[in-house]
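Working notes for the structure below.
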Amino acid sequence: MGSDTTWIGKKPLRRLGGMFDALSLAADLGFSVSPPPSQEDMQSLSTNTGDKSDDLIKVLRELTTIQRKIADLQVEHQSRKDNKNIAHLTHVSEMEKKCESLARIITILKDVIQNKYCIIARLQQPYSLDCIPVEVEYQNQFSELMLKAVSDDYGALTEGKGDPHIDGQTM
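Throughout the sequence shown, residue numbering follows our numbering, covering 15 to 185 in sequence.
Written as structure tokens, this is what we have:
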């Protein structure tokens, strides 16, 4: 038990809070409870521990500075990650590339719209490479064969009547 007996048998002033209740219980049970330190005690403690507290304050300030730097670096790191993911939306050079591409597409579409009737007419014509290569000596006979194919005489063509080459008569 402590050497200070000023609180023995006395209850501390009743205030809200768990510490005062604990002190009053200790006083009721006969334990010695030291009073709060006086102003003189506080000043003597501060002069003795002044150097230590100054060092602690310096360390805490350095720690706070380092924590701020870490937070700034984390923000910068996150912004760089975000920048990588959304560069195509935010960078001027990327947007200029998209604008140029869209301008080319718009030009092509305008040409198509302006020349749509020519394009439709061209698509309705047979393709120039849609031809069957035929040797010169057989072109007349091939031409007649094609005319028969598109005419009403298609049945005669399939039966092979009227064409000596299909009947196998003379060659």
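All C-beta atoms, glycine included, are put in the ideal place defined by N, C-alpha and C.
The structure displayed is predicted, hence computed values, not measured ones.
{"Query": "Range of the contiguous alpha helix (DSSP H) that encloses F156", "Result": "Q153 to V164"}
{"Query": "Buried versus exposed, by CB contacts within 10 Å (16 or more), L39", "Result": "exposed"}
{"Query": "Outcome for L37 when other beta-carbon atoms lying within 10 angstroms are tallied against a minimum of 16", "Result": "buried"}
{"Query": "Between the CA atoms of Q139 and I133 - distance to the nearest angstrom", "Result": "10 Å"}
{"Query": "Beta-carbon proximity check, E108 vs A117, cutoff 8 Å", "Result": "no"}
{"Query": "Inter-residue spacing [alpha-carbon to alpha-carbon] between A75 and R82", "Result": "Ala is not the amino acid found at residue 75; the sequence shown has Arg there. Each residue's Cα considered, the two are about 11 Å apart."}
{"Query": "Inter-residue CB distance, F156 and V164 (contact presumed, cutoff 8 Å)", "Result": "Actually they are not in contact, since the Cβ atoms of F156 and V164 sit about 13 Å apart, beyond 8 Å."}
{"Query": "Alpha carbon of L137 to alpha carbon of I127, nearest angstrom", "Result": "15 Å"}
{"Query": "Closer than 8 Å to chain D by CB, L43", "Result": "Of the protein chains in this structure there is only one, and it is not chain D."}
{"Query": "DSSP three-state assignment for E114, whether helix, strand or coil", "Result": "helix"}
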